[in-house]
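So for the sequence shown, this note's numbering puts the first residue at 4; every next one is plus one. Working notes for the structure below.
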Amino acid sequence: MRAAMVLCVACLPLLGCRVGGGGIEAENDRLRRERHDLGERVAALETERDELRAKVHELNLARGAGLDADALDALPRVAALEIDGLSGLVPPEPSRDAERVAVYVRTLDGRRRFTQGVGTLTVRCELLPPVGGPGPARSASRTLSAGQVREAYRSGIAGTHYTVEVPLAVPSSDRRGTLVVRAELRDALTGAVHAATLTRDLPAR
4 MRAAMVLCVA CLPLLGCRVG GGGIEAENDR LRRERHDLGE RVAALETERD
54 ELRAKVHELN LARGAGLDAD ALDALPRVAA LEIDGLSGLV PPEPSRDAER
104 VAVYVRTLDG RRRFTQGVGT LTVRCELLPP VGGPGPARSA SRTLSAGQVR
154 EAYRSGIAGT HYTVEVPLAV PSSDRRGTLV VRAELRDALT GAVHAATLTR
204 DLPAR
């Protein structure tokens, strides 16, 4: 009986560790969810803020154009930029040499809906080799004028977006590491600059 009591007492700290560890893990999960939700709320508020700034700019212009408040509020305006996760090397097969990066850019309004934009769009692509791995870093960029942005408009299975193809030659042996895509739109109507970044880890062969 005494031996059994000693064994029970010895197990109590282990039991406490398990319970405590489970509690800590659950708390970490809760904090991660809260951080993710907070990040989404901040992004939404920043988009609404940028749209309000655009409205103020347009209001100043509209004073001399005779637009009423309803018409001004209904005017489409870009409040944010987004790069679709389907963007990547072309052709997509890892066994083939890549020729370019197909980048799908969306211009969004204050409610995160697509709206057409007018301005200069610059896209820069970087392929970074794995940490400590062989192979050089590769980069290329392309800038589209307002007219070229209009011609880049697409609507299909991938949704409504602008397609920008950036020439970037990558041999199949170097198709690994991290692809970083950055896009920047300089709005010709408001003067605002909208930016977005996409990071993709390429699968190891």
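Backbone N, C-alpha and C define an ideal beta-carbon position, used for all residues, glycine too. Here the structure is a predicted model, which is why all the values come from computation and not from measurement.
Going by DSSP, name the residue or residues bridged to His197. Within the sequence shown, numbered from 1, the residue matching residue 197 stands at position 194. Note: His197 sits in a beta bridge opposite Leu188.
Whole angstroms are fine: how far does the CA of Val173 sit from the CA of Arg179? Within the sequence shown, numbered from 1, the residue matching residue 179 stands at position 176. Within the sequence shown, numbered from 1, the residue matching residue 173 stands at position 170. Answer to the nearest angstrom: the Cα atoms are 10 Å apart.
Enumerate, from N- to C-terminal direction, the unbroken alpha helix (DSSP H) stretches of 4 or more residues contained entirely within the stretch 124–158. 149–154
Quick check: the stretch 82–93 against the stretch 148–160, are there 3 or more CB pairs under 8 Å? no
Assign Val196 to buried or exposed, taking buried as 16 or more other Cβ atoms, counted over all protein chains shown, within 10 Å of its Cβ. Numbered from 1 along the sequence shown, position 193 holds the residue referred to as residue 196. Exposed, because fewer than 16 other Cβ atoms sit within 10 Å of the Cβ of Val196.
Can you grab the Cα-Cα spacing for the pair Leu106 / Thr146, in whole Å? Reading the sequence shown from its first residue, position 103 is the one you call residue 106. Reading the sequence shown from its first residue, position 143 is the one you call residue 146. A quick correction: the sequence has Val, not Leu, at residue 106. So the alpha carbons of these two residues sit roughly 12 Å apart.
CB of Val81 within 8 Å of CB of Val169, strictly: Along the sequence shown, one-based indexing puts residue 81 at 78. Along the sequence shown, one-based indexing puts residue 169 at 166. In this structure, the beta-carbon distance from Val81 to Val169 does not fall below 8 Å.
Return yes when the Cβ of Arg189 is within less than 8 Å of the Cβ of Thr123, no when it is not. Here the question's residue 123 lines up with position 120 in the sequence shown. Here the question's residue 189 lines up with position 186 in the sequence shown. By the CB criterion at 8 Å, Thr123 and Arg189 fall inside the cutoff.
Look at the alpha carbon of Ala155 and the alpha carbon of Thr193, and state the distance between them as a whole number of angstroms. For the purposes of this step, residue 155 is taken as the residue at position 152 of the sequence shown. For the purposes of this step, residue 193 is taken as the residue at position 190 of the sequence shown. Those two C-alpha atoms are separated by around 21 Å.
How long is the line joining the alpha carbons of Cys128 and Ser144, rounded to whole angstroms? Against the sequence shown, residue 128 aligns to sequence position 125. Against the sequence shown, residue 144 aligns to sequence position 141. In a straight line, the C-alpha of Cys128 is about 6 Å away from that of Ser144.
Measuring only the C-alpha atoms, how far is Glu96 from Ile27? As a working note, residue 96 is residue 93 in the sequence shown. As a working note, residue 27 is residue 24 in the sequence shown. When rounded, the distance between both Cα atoms is 42 Å.
Within a Cβ cutoff of 7 Å, which residues of the same chain sit near Ser148, ignoring the five residues on either side of it in sequence? If you number the sequence shown from 1, residue 148 lands on position 145. Here the set comprises Thr123.
From Gly42, Asp177, Arg33, pick the residue whose C-alpha is nearest to that of Gly138; which is it? Looking up residue 138 in the sequence shown gives position 135. Taking only the C-alpha atoms, the option nearest Gly138 is Asp177.
Coil, strand or helix - Glu168 by DSSP: Here residue 168 refers to the residue found at position 165 when the sequence shown is read from its first residue. Residue state, collapsed to three classes: strand.
Proximity to Glu187 [Cα-Cα], best of Asp204, Pro132, Val121: The residue labelled residue 187 in the question sits at position 184 within the sequence shown. For the residues Asp204, Pro132, Val121, the minimum Cα distance to Glu187 belongs to Val121.
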